[in-house]
Each structure stands twice: as C-alpha cells, then as structure tokens.
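Colleague: Heads up: take any position in the sequence shown, counting from 1, add 16, and you land on the numbering used here.
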Amino acid sequence: MKAKLLISILLASVLLTGCINFDVYQKIKRNGLVDISLTVSTVPEYKSLISGINQSLEVEDSVKDRFKFTENDTALKYEFTDIDFNKDKKLFKDVVQNQSQDSPAPTQNSSLFNPENVKFTKDFRFPFYEYTYINKVKQQEQNDTNVSDEMKAQLSQIFKITYTVEVFGTVTETNGVKIASNKVRFDLVTGKSQEYMVKFRDFFLAALMGDSYTAFLWVLGIIIVGFVVFFAAKKLRSRPITPPEPINQQLLDYVRASRMRGMQDAQIALALQNSGWPKREIEKVMKK
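#1: With DSSP run on the structure shown, which of helix, strand or coil describes S57?
#2: Is the segment 82 to 100 touching the segment 55 to 66, taking contact as three or more C-beta pairs under 8 Å?
#3: When burial is assigned at 16 or more other CB atoms within 10 Å of the CB, is V241 buried or exposed?
#4: Should V245 go down as buried or exposed, given a rule of 16 or more other Cβ atoms within 10 Å for buried?
#5: Can the beta-carbon of D39 be found less than 9 Å from the beta-carbon of V56?
#6: Could you spell out where the beta strand (DSSP E) holding N151 opens and where it closes?
#7: Hey, quick one: how far does the alpha helix (DSSP H) through D281 stretch, first residue to last?
#8: Run the CB neighbour count on L267, radius 10 Å, all protein chains shown included, and call it buried at 16 or more, exposed below.
#9: Would you kindly work out how many angstroms separate the C-alpha atoms of F243 and L252, rounded to a whole number?
#10: Would you kindly work out how many angstroms separate the C-alpha atoms of L54 and R201, rounded to a whole number?
#11: Whole angstroms is fine: what's the gap from Q113's alpha carbon to V75's?
#12: Give the DSSP-derived three-state secondary structure of P120 in the structure shown.
#13: Check this for me: beta carbons of V134 and F101, under 9 Å apart or not?
#14: Determine the direct distance from the alpha carbon of V59 to that of Y149, and round the result to whole angstroms.
#15: Which value, in whole angstroms, describes the spacing of the CA atoms of K80 and L107?
#16: If you check the beta carbons only, do Y145 and F219 fall under 9 Å apart?
#17: Counting Cβ pairs closer than 8 Å, one from the segment 275 to 283 and one from the segment 256 to 263, do we hit at least three?
#18: Rank T178, V271 and I52 by C-alpha distance to the C-alpha of R82 and give the top, closest one.
#19: Give me the DSSP bridge partner(s) of D51.
#20: Where does E132 sit, in a helix, a strand or coil, going by DSSP?
#21: Could you tell me the boundaries of the alpha helix (DSSP H) in which V271 lies?
#22: Note down the Cα distance separating Q265 from E297, rounded to an integer number of angstroms.
#23: Where does the unbroken alpha helix (DSSP H) through L92 begin, and where does it stop?
And the structure:
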C-alpha cells in the first residue's frame with residue numbers, strides 16, 4: 017500500500033508540473049573510446065525529485081578521473097570521457113536492492129551505462145570497415161502487486177528517455193531513427209527489455225589513421241589545390257604569345273581622315289567594302 021500511495025503522489029505531482037526527461041548521448045570515437053553523457057531534466061518546481069536521483073547514483077572509482085558532474089535549476093548532467101568498453105565494466109556502482117517491496121530499486125544490469133551489455137564488431141569489405149554496435153538493455157521485472165498496470169503506463173508516459181548514438185562513420189542500418197548521417201536516436205520504453213542496433217561504415221584509411229584522418233584530409237586537400245594552381249599557372253606561362261596582326265597603314269589613315277570629315281563608321285565601312293577591301297581588314301582598322 018505504501019508504494020501505491022507514493023506512486024500516486026508522484027503521478028499527481030508530475031502531471032501538474034510536467035515530466036522528467038532522461039537524455040543519454042553516446043559518442044563512439046575512431047580510437048575505440050566512447051564519450052557518454054546523461055542529462056536528467058525537468059521543470060524547476062520538480063527539481064527536488066531529480067536531486068534524489070543524484071543521491072542514489074555513485075560513480076565507480078575506476079572512472080572518476082574521467083567524470084564530470086554539472087547541474088542547474090532544471091537539470092543534472094553526468095559526463096564520462098574516453099570510456100573503454102573492454103576495461104571499464106561499470107560507470108555507476110551497483111544500486112543495492114532494497115529488501116522492502118514498497119520501493120524496489122533498479123540494478124546495474126538494467127542500465128544503458130553497463131558496458132557488459134554492449135557488443136561491438138568490425139568487418140572489412142574493401143574499401144570500408146563495417147561496424148555493428150548493439151546495446152542490449154535488460155529491464156528487471158517489477159513484482160509489486162500494489163502497482164496497477166494503469167499506474168505503470170502513466171509512469172512510462174512521465175519518464176521520457178531518449179538514447180542518441182553518434183558514430184565516426186556513415187550509418188547504413190539501424191532499428192532507431194536516423195537523425196543525421198552519423199547519428200541515431202532511440203526512444204526508450206520503460207520496463208521493457210530492448211536491443212538497440214546501429215550499423216555503420218568507415219573508409220579504411222580513416223580507420224587506419226584514427227583521429228589523424230581529418231587532419232590528413234585537410235593536408236591532402238591543400239596539396240591537391242596547390243598542384244592544380246601550379247600546373248594551371250605553368251600551362252599559362254608555356255602558352256605561346258601570338259603577336260598582333262599587322263594593320264594596313266594606308267587603310268587606317270583613310271579611316272581616320274574620313275572620321276575627321278564627319279563620316280560615320282558605318283558609312284566608312286560601307287565605302288571600303290564597295291572599294292573591294294576584305295571584311296577582316298575593315299574590322300581591324302575600325303576598332304582603332
């Protein structure tokens with residue numbers, strides 16, 4: 017009964033003020049390490065409840081040197097950098113299961129932050145490396161018979177959980193929503209076990225060079241542009257200079273004298289054509 021009362025109060029409070037958002041962002045880097053952040057946000061009136069979440073989370077000692085915590089009036093943010101899934105087995109310490117059925121607590125196994133739930137594979141298909149990232153999130157069943165299905169459904173509407181995965185290549189397949197060429201978003205459903213999958217590929221040189229690949233592309237681009245400019249300039253310099261065609265001085269003197277007498281260029285050209293002068297010769301002198 018106590019759990020049912022607490023959840024009823026929680027539902028009433030949140031329905032009046034808004035919902036709690038859990039935004040998980042995970043960036044997979046070429047060097048094999050991962051940056052992960054969790055942002056818990058709500059309206060200012062509900063800050064005291066998310067503060068309780070902070071009190072229940074304790075960071076593992078092995079990753080404290082790569083952890084940062086910040087907060088403001090509406091949000092808490094946990095940031096982890098350079099996490100190695102092969103070595104860092106946990107980010108948060110296990111939450112001890114409360115023996116009272118009135119307030120069951122989640123275990124580490126149900127968390128997106130458990131590296132043991134992650135499978136990351138790589139295959140080579142020239143000229144790309146193809147990667148498959150899978151995160152199997154297992155939700156523990158809740159056996160509290162005092163909580164109705166309706167309340168559980170309302171709770172799932174209150175707690176909005178989004179999970180965004182950013183990769184270093186181009187996404188080719190996913191069971192989430194592709195929001196950019198290298199980003200996928202998943203909308204999590206509370207209380208359900210789910211598998212989140214992203215397949216992506218990366219050019220083999222990028223995989224071999226790691227984080228230096230971007231700098232390599234810039235240098236390569238500058239070199240290519242330099243070669244194009246160099247050869248274009250060289251071609252212009254090697255092009256033979258064609259001397260101007262000579263102008264018939266007698267014809268030029270006639271045109272100038274005719275202009276001084278007040279004749280228009282059209283009249284002069286017509287007179288020269290009637291006199292048998294070639295059209296090309298007439299055009300050259302008329303430009304002077």
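Built from N, CA and C at the ideal position, the CB exists for glycine as well.
Modeller: Once the coordinates are examined:
#1: Looking up residue 57 in the sequence shown gives position 41. Strand at S57.
#2: yes
#3: Position 225 of the sequence shown, counted from the first residue, corresponds to residue 241. By the 10 Å Cβ count, V241 comes out exposed.
#4: Counting from one through the sequence shown, the residue named residue 245 turns up at place 229. It is exposed - the Cβ of V245 has fewer than 16 other Cβ atoms within 10 Å.
#5: One-based indexing of the sequence shown puts residue 39 at position 23. One-based indexing of the sequence shown puts residue 56 at position 40. Yes. Within cutoff.
#6: Numbered from 1 along the sequence shown, position 135 holds the residue referred to as residue 151. From DSSP, the beta strand (DSSP E) with N151 extends over F144 to V153.
#7: Taking the sequence shown and counting its residues from 1, the one referred to as residue 281 is at position 265. From DSSP, the alpha helix (DSSP H) with D281 extends over D281 to N290.
#8: The count along the sequence shown starts at 1 and reaches residue 267 at position 251. Label assigned to L267: buried.
#9: Counted from its first residue, the sequence shown places residue 243 at position 227. Counted from its first residue, the sequence shown places residue 252 at position 236. In a straight line, the C-alpha of F243 is about 14 Å away from that of L252.
#10: Taking the first residue of the sequence shown as 1, we reach residue 54 at position 38. Taking the first residue of the sequence shown as 1, we reach residue 201 at position 185. Straight-line Cα distance between these residues: approximately 14 Å.
#11: Working through the sequence shown from its first residue, we reach residue 113 at position 97. Working through the sequence shown from its first residue, we reach residue 75 at position 59. With a pLDDT of 43 at Q113, under the threshold of 50, the modelled position of that residue is not reliable, and no figure is offered here.
#12: Taking the first residue of the sequence shown as 1, we reach residue 120 at position 104. At P120 the pLDDT is 39, less than 50, meaning the model places this residue with poor confidence; the figure from the coordinates comes in the next sentence. P120 falls in the coil class under three-state DSSP.
#13: Here residue 134 is taken as the residue at index 118 of the sequence shown, counted from 1. Here residue 101 is taken as the residue at index 85 of the sequence shown, counted from 1. Yes, they are a contact pair.
#14: Working through the sequence shown from its first residue, we reach residue 149 at position 133. Working through the sequence shown from its first residue, we reach residue 59 at position 43. Their Cα atoms are separated by approximately 34 Å.
#15: Looking up residue 80 in the sequence shown gives position 64. Looking up residue 107 in the sequence shown gives position 91. Distance between the alpha carbons of K80 and L107: 9 Å.
#16: Numbered from 1 along the sequence shown, position 129 holds the residue referred to as residue 145. Numbered from 1 along the sequence shown, position 203 holds the residue referred to as residue 219. Closer than 9 Å, so yes.
#17: no
#18: Reading the sequence shown from its first residue, position 66 is the one you call residue 82. Taking only the C-alpha atoms, the option nearest R82 is I52.
#19: If you number the sequence shown from 1, residue 51 lands on position 35. According to DSSP, D51 bridges with K43.
#20: Indexing the sequence shown from 1 puts residue 132 at position 116. Reduced to three states, the DSSP call for E132 is helix.
#21: Walking along the sequence shown from the start, residue 271 turns up at place 255. Its alpha helix (DSSP H) spans residues Q265 to M276.
#22: Walking along the sequence shown from the start, residue 265 turns up at place 249. Walking along the sequence shown from the start, residue 297 turns up at place 281. Roughly 11 Å between the two C-alpha positions.
#23: The residue given as residue 92 occupies position 76 in the sequence shown. No alpha helix (DSSP H) contains L92, which is instead part of the beta strand (DSSP E) from A91 to I99.
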